[in-house]
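In the working numbering, the protein residues as written are 1273 to 1602.
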């Protein structure tokens, strides 16, 4: 990764940040610059700036961290896939925890895209380009569960429309199983809070009222609580998404004081609660070594046949072990 440092001129005052950078930097398209801004790779006067439309005052000091190059075309790799359904237009899989969805800096190989290229050959939709063929939605690396991938451009467009609508007027439905810290005062509710990328930590998303924050809505239902204390140590929660922002469930539950167990990014401040877990749960959480989140249900309309499709998957064994240790009564 290379770093560029320079200073804007007084004549840049009033220009959009992305436009001024595109004028200043040879070999950088405006689209690429906008992505680098969104990825928190641009600093103005020592502060990360993620608003590409920000108007400059002129004379700002700029630091731009250019991401390392990524291979232009992912290579097929024979990575096993748990296929729930496949036809000429789409494929539905149960993604394991630990599998990155698409190539990126630091994850050029060993991704779901590499596995799909080996399994599907040239039949994946190319709408999203060579790095994300067929990808219409994604799960975090350490989140397991149901995903659908488009094999035809027709399917890609139809699925993308459903995910953009977030199930408000159509059949799209997504449910996640989560284990979070603490007892909820309200056993069901809605978190309606906009999300944007953190200015301090580019890996992290935050609830924000900033202009660039995107609205995000999560509905939750507490299914069970752990026993043994005046207040439950942990809760088993079902979450349904009305939007699909990066890290949405993790951010929203942390925002209301109930981050996911095992979440190193949003729940690190709750590590002091681990000694209050039953011994079996402490051991299971250590073995999980990731956030306790599983995409257990995905429903949508087949974009070509019109058939209503519904897929459910049980959580993997490490998640089940933690759930059992916390919530199964003898």
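Using N, Cα and C, we set each Cβ at its ideal position, and we do this for glycine too.
- Membership of residue 1591 in any beta strand (DSSP E) is not indicated; the residue belongs instead to the alpha helix (DSSP H) covering 1589-1599.
- In summary, residue 1327 is exposed, with fewer than 16 beta-carbon neighbours lying within 10 Å of its beta-carbon over all protein chains present.
- Counting C-beta pairs with one atom in each stretch, the segment 1533-1541 and the segment 1570-1579 have fewer than three that are closer than 8 Å, which means they do not touch.
- For residue 1430, the uninterrupted alpha helix (DSSP H) run begins and ends at 1425-1437, by DSSP.
- Under the three-state reduction of DSSP, residue 1295 is assigned to helix.
- Counting of Cβ neighbours within 10 angstroms places residue 1464 among the exposed residues, the total staying below 16.
- Between residue 1332 and the set 1356, 1281 and 1307, the nearest pair of CA atoms involves 1281.
- Residue 1542 carries a helical assignment under DSSP once its states are collapsed to helix, strand and coil.
- Of the candidates 1582, 1506 and 1274, the residue whose Cα lies closest to the Cα of residue 1596 is 1506.
- Put simply, the backbone Cα of residue 1574 is about 52 Å away from that of residue 1279.
- Leaving aside the five residues that flank residue 1306 on each side, the residues in its chain whose CB is nearer than 8 Å to its CB run, in chain order, 1290 and 1324.
- When DSSP reads this structure, residue 1507 sits in a beta bridge with 1452 and 1497.
- For residue 1319, the number of other beta carbons within 10 angstroms of its own is below 16, and it is reported as exposed.
- Comparing alpha carbon positions, the residue from 1599, 1567, 1598 and 1600 closest to residue 1588 is 1567.
- Taking 8 Å as the cut-off, the Cβ atoms of residue 1489 and residue 1480 do not count as close.
- The beta carbon of residue 1499 sits closer than 8 Å to the beta carbons of 1601 from its chain, once the five residues preceding and following it are set aside; these are given in chain order.
- In the DSSP annotation of this structure, residue 1406 is not part of any beta strand (DSSP E), being labelled neither H nor E.
- Between the alpha carbons of residue 1420 and residue 1353 lies a gap of roughly 12 Å.
- Under the DSSP assignment, residue 1374 falls outside any beta strand (DSSP E); it carries neither an H nor an E label.
- The C-beta distance from residue 1422 to residue 1411 rounds to 16 Å, too long to meet the 8 Å contact threshold.
- Judged by beta-carbon spacing, residue 1520 lies beyond the 8 Å limit of residue 1415, meaning their Cβ atoms are not closer than that value.
- Look at residue 1355 here: in three-state DSSP terms it is strand.
- With respect to residue 1532, residue 1565 sits close: the two C-beta atoms are nearer than 8 Å.
- Residue 1405 has its alpha-carbon roughly 13 Å from the corresponding atom of residue 1429.
- Residue 1552: member of the alpha helix (DSSP H) spanning 1551-1560, first to last residue.
- Taken through DSSP and simplified to helix, strand or coil, residue 1525 comes out as helix.
- Its chain contains 1453 and 1505 as the residues whose beta carbon lies nearer than 7 Å to that of residue 1545, once the 5 sequence neighbours on both sides are disregarded; these appear in chain order.
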